[in-house]
Amino acid sequence: MNLEKIMNDLEKKNPGEVEYLQAVREVLESIEEVYNENPQFESANIIERLVEPDRILTFKISWMDDSGKVHVNRGFRVQFNNAIGPYKGGLRFHPSVNLSILKFLGFEQIFKNSLTTLPMGGAKGGSDFDPKGKSNAEIMRFCQGFMMELWKIIGPETDVPAGDIGVGGREIGFLYGMYKKVARENSGVLTGKGLNWGGSLIRPEATGFGAVYFAKEMLATKKQTFEGKIVAVSGFGNVAWGAAQKATELGGKVVTISGPDGYIYDPDGISGEKIEYMLELRASNQDIVKPYSYEFPNAKFHQGKRPWEVKCDIALPCATQNELNKEDAQNLIKNGVFCIAEGANMPSTPEAVELFIEHKILFGPGKAVNAGGVATSGLEMSQNAMKLSWPLKEVDHRLHEIMCSIHESCVKYGKDKEGYVNYVKGANVAGFLKVANAMLDHGVI
Ligand code: NDP
Ligand code: 2IT
């Protein structure tokens, strides 16, 4: 593999798509060795076929706000690769959404979904719509407009979207309502649905719970547990909430949450009613981390700062891409961190990842650590196909088993001669091999 030539060609073809190029480079660097050992991949031109999405749908959403003003947003669905199953991946509503971000997320999703052991291809979609400060009625009208375009290319055996940043249970409800009206079927095309209409128990918690289950496995390789550990979490959304809850349950003390405006340090630990309060904050659609420090006076709000300056044993970045840079990594290492598990997608910059690996710290990349979300989406699809619902214990047990199996795959392909597990390499190689071999089986299509 001529990595630099591939990257140069890709940069020319996709100018300015920084996040997408970053995600591709990370995967290619990891798989270079196994790719070169298997000439059948090169003969079938697997890399060029893998980095090009199967198709991208771009569309316009015009919608009216409560005052009668008309707005226009852009919607996307990137169907990246369906070698091992129907396209599957979330929808993100955030003003920063563009094609580069959705292509990076869709590309990551191919390997993440492959790791889950379930038959799901990779996709991502969303819009530059900003849910912040919008009323329920505005959100509903926007979701309906979005689905009026998206429904044409999705289906329970074709492409199954779910949530991501800015898309939670409420949005999935509005999207699903419109889908079943126009498609005239009720077979569960989205995941993350409400429990009364085809949703799965544990799906809302699954990404955060799964991330902590994965971190637990990483810690066990060093005979460590969460018990008594100081845990720094970023974000205060769906993933951060589940991670904080499970880390606390396992005996850890979560001392931070964050938003784009800064972070909260709570020396008493963020647990119980405080975690519930996080949910209230999230649901309010406002700029919101600050109110936490009014509600719980021992907690301090650090304006414009990130939680990585706090002394902690375990760091769980659960907010967004590139939210932990080289300087943050240096701070964490200096303060004695020994495990980083990425609840978000690509939250650490390549320089930060390099530092963690150089210092032989337990570092779990997003596509392995946060795969519990999409895995439980896969379990929701299974339940919908069987037209039944599993009890909570069964879903949680399956999620736990899947996270252990992903951990095993990472160790299998990532352990070096000295016994250090490079989870980035392990996850990328394991994810890649399954997809690449499926592509070979299917011929040139
Ligand atoms: P949410 O919308 O529920 O929460 C995202 C959180 O991150 C919000 O608190 C948001 O605040 C905050 N945030 C956004 N930008 C920044 C920033 N620049 N700095 C600090 N905080 C920021 O999304 P999720 O919890 O669902 O998603 C979080 C991450 O997890 C994303 O990377 C997502 O791709 C990933 N993920 C999600 C899965 C899921 O099942 N939901 C599954 C796997 C991964 P604000 O809204 O104010 O900007
Ligand atoms: O990034 C992700 O894995 C998600 N947002 C969840 C995708 C899904 O289909 O459940």
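Under my numbering, the sequence shown has 412 at position 412, and the numbering climbs by one with no breaks.
The beta carbon of each residue, even a glycine, is placed where N, CA and C say it ideally should be.
Cutoff 8 Å; reference TYR420; Cβ partners in own chain excluding five residues on either side: Only LYS360 meet the Cβ criterion.
Residue burial classification, LYS274 (beta-carbon count within 10 angstroms, cutoff 16): Its Cβ being crowded by 16 or more others within 10 Å, LYS274 is buried.
Beta carbon of GLU227 nearer than 9 Å to that of GLY252: yes
Which listed residue (ASN238, ILE445, PRO317) has its alpha carbon closest to that of TYR277: ASN238
Under the three-state DSSP convention, the category SER405 falls into: helix
Nearest-angstrom Cβ-Cβ length linking ARG141 and TRP63, presumed shorter than 8 Å: 5 Å
Residue of ASN113, SER100, THR116, GLY121 minimising C-alpha distance to ASP128: The shortest Cα separation from ASP128 among ASN113, SER100, THR116, GLY121 belongs to SER100.
Contact test: THR158 Cβ vs the ligand 2IT heavy atom, cutoff 8 Å: It does not: the Cβ of THR158 is nowhere closer than 8 Å to a heavy atom of the ligand 2IT.
Contact test: SER258 Cβ vs the ligand NDP heavy atom, cutoff 8 Å: yes
Nearest candidate by alpha-carbon position, reference ASP54, set PRO317, ASN45, PHE80, ILE84: Ranking the options by Cα distance to ASP54, first place goes to PHE80.
Residue(s) in a DSSP beta bridge with LYS253: ILE230
ALA162 - DSSP class collapsed to helix/strand/coil: strand
Extent of the continuous alpha helix (DSSP H) to which GLY122 belongs: Element bounds for GLY122: not the alpha helix (DSSP H) but the beta strand (DSSP E), 121 to 127.
Limits of the unbroken beta strand (DSSP E) element including PHE93: Here the beta strand (DSSP E) through PHE93 covers 87 to 93.
The stretch 102 to 122 touching the stretch 178 to 192, judged by at least three CB pairs closer than 8 Å: Segments in contact, no.
Straight-line Cα distance separating ASN186 from ILE357: 47 Å
Cβ separation of ILE153 and ARG77, assumed to be a contact under 8 Å, to the nearest whole Å: 6 Å
Residues near GLU351 in its chain [Cβ-Cβ closer than 6 Å; skip 5 each side]: LYS326
Whole-number beta carbon distance between ILE340 and PHE363, since they are thought to touch under 8 Å: That pair is a contact at about 5 Å.
Other residues of its chain near VAL49: CB distance less than 7 Å, five sequence neighbours each side excluded: Sequence check: residue 49 is Arg here, not Val. Here the set comprises MET439.
Those runs of the alpha helix (DSSP H) which lie wholly inside the stretch 134 to 181 and span at least 4 residues: 136 to 150
Secondary structure of CYS312, DSSP reduced to three states: coil
Beta-bridge pairing of GLY364 - partner residues as DSSP gives them: The partner list for GLY364 (beta bridge, DSSP) reads ALA341.
Proximity test, VAL27 beta-carbon vs the ligand 2IT heavy atom, cut-off 8 Å: Every heavy atom of the ligand 2IT is 8 Å or more from the Cβ of VAL27, so no.
Exposure label - GLU380; buried when at least 16 CB within 10 Å: buried
GLN109: CB within 8 Å of a non-hydrogen atom of the ligand 2IT: The answer is yes for GLN109.
Exposed unless 16 or more other CB atoms sit within 10 angstroms - verdict on HIS407: Buried, by the Cβ-count rule.
Local conformation of THR225 per DSSP, three classes: coil
GLY106 burial status per 10 Å Cβ neighbour count (16 or more: buried): buried
Contact check, GLY122 vs LEU399, beta carbons under 9 Å: no
For MET120 and VAL374, believed in contact at Cβ under 8 Å, the rounded distance: 7 Å
Rounded separation between ALA44 and VAL310 - CA only: 48 Å
One or two residues paired with ASN73 in a DSSP bridge: ILE61
Span of the alpha helix (DSSP H), counted from its first residue to its last, around GLY431: 423 to 442
Straight-line Cα distance separating PRO39 from GLY168: 43 Å
Three-state secondary structure (DSSP) of GLY269: coil
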